[in-house]
Structures are given as structure tokens and as C-alpha cells.
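Those protein sequence lines, which keep their order, are chains Y and S.
4 is the number of the first residue of the first sequence in my numbering; add one for each residue after it.
4 is the number of the first residue of the second sequence in my numbering; add one for each residue after it.
Even for Gly, the Cβ is constructed at its ideal location relative to N, Cα and C.
The structure presented is a predicted model; accordingly, all values stated were derived computationally and were not measured.
Okay, so here's the structure we're looking at.
Number of protein chains: 2
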Amino acid sequence: MQGVEAFLESKSIRVTAMRILICNFLSDKHEAVALSDIEHAFDKADRTTLYRTIKTFEEKEIVHQIDDGTGVTKYALCEPNCHCDLDTDLHLHFHCTQCGSTICLTDHKIPKIKVPKGFIAEHVNLVVKGICDKCSIN
Amino acid sequence: MQGVEAFLESKSIRVTAMRILICNFLSDKHEAVALSDIEHAFDKADRTTLYRTIKTFEEKEIVHQIDDGTGVTKYALCEPNCHCDLDTDLHLHFHCTQCGSTICLTDHKIPKIKVPKGFIAEHVNLVVKGICDKCSIN
DNA sequence: TAATTCATGCAATGGAAGTGCATTAATTGA
DNA sequence: TCAATTAATGCACTTCCATTGCATGAATTA
Numbered sequence: 004m005q006g007v008e009a010f011l012e013s014k015s016i017r018v019t020a021m022r023i024l025i026c027n028f029l030s031d032k033h034e035a036v037a038l039s040d041i042e043h044a045f046d047k048a049d050r051t052t053l054y055r056t057i058k059t060f061e062e063k064e065i066v067h068q069i070d071d072g073t074g075v076t077k078y079a080l081c082e083p084n085c086h087c088d089l090d091t092d093l094h095l096h097f098h099c100t101q102c103g104s105t106i107c108l109t110d111h112k113i114p115k116i117k118v119p120k121g122f123i124a125e126h127v128n129l130v131v132k133g134i135c136d137k138c139s140i141n
Numbered sequence: 004m005q006g007v008e009a010f011l012e013s014k015s016i017r018v019t020a021m022r023i024l025i026c027n028f029l030s031d032k033h034e035a036v037a038l039s040d041i042e043h044a045f046d047k048a049d050r051t052t053l054y055r056t057i058k059t060f061e062e063k064e065i066v067h068q069i070d071d072g073t074g075v076t077k078y079a080l081c082e083p084n085c086h087c088d089l090d091t092d093l094h095l096h097f098h099c100t101q102c103g104s105t106i107c108l109t110d111h112k113i114p115k116i117k118v119p120k121g122f123i124a125e126h127v128n129l130v131v132k133g134i135c136d137k138c139s140i141n
């Protein structure tokens with residue numbers, strides 16, 4: 004059994020051809036992808052299947068959702084040290100307004116945010132927009 | 004001439020009945036509203052008009068857009084001290100997962116965010132999710 | 001192997017954002 | 001004040017994304 008398959012099984016995700024493909028696709032990409040990106044890459048497969056596969060990955064916590072403010076939900080594989088379910092370990096995301104790519108800045112933790120009295124903070128979403136390292140060269 | 008009308012004029016926004024109504028509606032609400040909320044409040048008016056009114060308000064910088072991660076764009080009147088066009092003065096937003104309301108925490112500035120070498124930060128969006136002061140009482 | 005559970009594919013829906021065009025209202029200036 | 005112009009409103013569409021119901025096919029388990 005290959006690495007990906009073992010990985011999926013370890014997360015109690017039923018192994019199918021489609022899921023292996025999508026999981027590999029996500030790990031090859033080093034940025035967050037939209038559902039439409041996946042559809043484009045697998046144009047033979049049905050949109051619904053891709054959609055539900057991602058949803059399954061999300062539930063099983065091998066993928067996390069990113070709202071980068073473009074209006075389109077993006078998804079990315081959780082890093083080994085990504086505890087996206089925990090509030091204490093939240094990294095930020097960077098959205099490049101030039102090339103449109105969204106990247107997880109896993110090493111950059113979100114500073115502690117103070118909220119007014121009576122408010123209970125449970126989750127923090129932080130997106131920085133600007134020019135990414137590749138685009139800033141030109 | 005009333006306060007709202009003078010206010011609109013001072014921002015070189017043409018004064019119409021509709022715009023006065025919407026501006027008042029926004030200032031009465033002390034939370035960010037979705038376009039659908041406005042539609043609901045003014046069901047006699049056309050969706051497009053409401054949409055374009057908000058867009059005009061945005062352009063003239065009396066309203067700022069909030070992406071609270073619900074997938075629906077919210078809008079709120081800028082406070083007198085709200086410089087939503089400047090990157091240096093960005094407040095954060097709080098989204099209550101219980102009552103669904105989104106509130107500007109105008110006093111709470113976003114801490115300086117460090118980005119990796121080569122990245123240029125131009126904008127920051129920070130949304131804290133949790134339970135708001137009203138809901139946390141119960 | 002039969003029964004069951006789950007994945008996939010197709011079709012359809014609903015919500016939100018946005019655009020083109022005709023009409024109406026407001027403003028300008030003669 | 002009236003005509004000309006400019007901008008706001010309303011209607012009809014369109015597009016895009018997210019989501020669901022149902023039928024079928026594959027995989028797992030008893």
C-alpha cells in the first residue's frame with residue numbers, strides 16, 4: 004500500500020481512485036485551490052463527486068477551508084503540524100492580488116486578539132492581501 | 004436640510020429619497036448588514052437599486068465592505084474615525100455564530116502582521132468568530 | 001454470497017453578484 | 001422657467017458557486 008492510501012486509511016477515509024488522485028493533486032499544489040481548479044484538473048469527473056470528496060476531507064480534517072475574500076472558497080491540505088480545529092494554533096493566509104494565488108503561511112501564527120468584555124472569541128480568520136514573493140520580483 | 008441629506012451632500016452623493024432611507028437604515032443598525040437584509044427592509048424597492056446604492060456609498064467611502072466568512076458580503080457605515088481606505092487604520096470585525104450578527108470593533112485595531120521576505124502586505128482582513136456580548140449572557 | 005454501506009454521477013435548485021437597457025427623476029444653464 | 005443633460009431607478013437577464021435528491025455502481029461486512 005502506498006503512502007497516500009495509508010494516509011487516507013489512517014484518517015478513516017475510504018480509499019478510492021478518485022480520492023487518491025485528489026489528495027495527490029492537493030499535496031502537489033503548494034497553494035490553496037478552489038473547487039473550480041479541481042474541476043478543471045479532473046474534467047472527466049463529476050463536479051458533485053469532487054465537491055463531496057473535498058467535504059469528506061474537511062470532515063476528516065485533512066483539508067481546511069480558506070476564505071480569502073475573493074468570494075470563492077479555497078481549500079488546502081493541512082500540514083502535519085496544522086491543527087486547524089484548535090483555536091490556539093491558527094496560521095494566516097496570504098492572497099496575492101496579482102496572480103490570484105492564496106497561500107498558507109503556516110509558520111506565521113496569528114497574534115493574540117483582544118475582544119471587548121462579554122465577547123467570547125472562538126475562531127480567528129486572518130487574510131493578508133498584497134503581492135506574493137513570486138510576483139514582487141517582476 | 005436635515006442631517007443625513009447634508010451628510011450625503013458633503014460626500015458628493017446625490018440626495019434621493021431612497022438614499023436617505025438606506026443611509027438611515029444603516030446608521031440605525033449597529034451591525035453590518037447583508038444586501039438581503041436591506042432588500043428585506045425595503046421590499047418595495049428594486050434589488051438593483053439597493054445594490055447600486057450600496058456600491059455608490061462604498062465608492063464615496065461612507066460604507067465599508069466586510070467579509071465575515073459567511074460567504075455573504077456585509078456592509079456597514081463608516082464611523083467618523085473609520086479610515087477604511089488606509090491600511091494603517093484597520094479595525095477588526097466580530098461575527099457571532101449564535102445570532103449571526105457581524106459587528107465592527109472599531110476600537111480594536113489589528114496588530115501589525117509580519118509577512119515573509121518577498122511578500123508585500125497591502126491589506127488585512129481579520130474576523131473573529133465566537134459569541135457576542137448579547138448572546139453570551141444567556 | 002447476500003446484505004448493507006458508502007461513493008459516484010446526473011439533474012436540478014437556490015442564492016448572491018453583476019450587467020444592459022429603457023425610463024424616470026434631478027440638476028444645470030440658457 | 002424650460003430645455004437639455006446627467007444621473008438614478010426598475011426590469012429582465014445572466015453567470016457563478018454551493019448544495020441537495022435520487023438512482024446506480026462499487027466496496028465492505030456479516
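Cut-off 7 Å between Cβ atoms - residues of its own chain near residue i, not counting five sequence neighbours on either side
i              : result
P114 (chain S) : none
C138 (chain Y) : C99, Q101, C102
Q68 (chain Y)  : E61, T76, Y78
E8 (chain Y)   : V18, I23
N27 (chain S)  : V7
L11 (chain S)  : V18, R22, C26
C107 (chain Y) : A35, A79, H94, H96
G74 (chain Y)  : none
L104 (chain Y) : Note on residue identity: the sequence assigns Ser, not Leu, to residue 104 (chain Y). The answer, listed in chain order, is E34, C135.
Three-way DSSP call (helix, strand, coil) for residue i in this model
i              : result
V130 (chain S) : strand
C26 (chain Y)  : helix
A20 (chain S)  : helix
E8 (chain S)   : helix
K58 (chain Y)  : helix
S15 (chain Y)  : coil
P83 (chain S)  : coil
Beta-bridge pairing of residue i - partner residues as DSSP gives them
i              : result
D70 (chain S)  : S:T76
I106 (chain Y) : Y:F97
K112 (chain S) : S:H94
I2 (chain S)   : Here chain S covers residues 4 to 141 and nothing more, so residue 2 (chain S) does not appear.
A35 (chain S)  : S:T105
Limits of the alpha helix (DSSP H) - the one that residue i falls within
i              : result
S139 (chain Y) : 136–140
D40 (chain S)  : 38–44
I65 (chain Y)  : First-last for I65 (chain Y): undefined, no H or E at that position.
Close-in-space but distant-in-sequence residues of the same chain around residue i (CB under 8 Å, 5 per side omitted)
i              : result
Y54 (chain S)  : L38
S15 (chain Y)  : K63
D70 (chain Y)  : T76, K77, N128, V130
L24 (chain Y)  : F45
C81 (chain S)  : E64, I65, V66, H67, C87
R50 (chain Y)  : L38, E42
I116 (chain S) : A124, V127
V118 (chain Y) : A124
I57 (chain S)  : I25, L38, I41, V66, Y78
H111 (chain S) : H94, L95
H33 (chain S)  : I106
T52 (chain S)  : M21
G155 (chain S) : With chain S covering only 4 through 141, there is no way to say anything about residue 155 (chain S).
Beta-carbon proximity list for residue i, same chain, < 6 Å, skipping 5 on both sides
i              : result
K132 (chain Y) : H98, T100
C135 (chain Y) : C99
L93 (chain Y)  : I113, V127
G72 (chain S)  : V130
>> Below 8 Å, how does it come out for the stretch 95–103 of chain Y and the stretch 15–35 of chain S: are there three or more Cβ pairs, yes or no?
In response: At 8 Å Cβ cutoff, the stretches do not touch.
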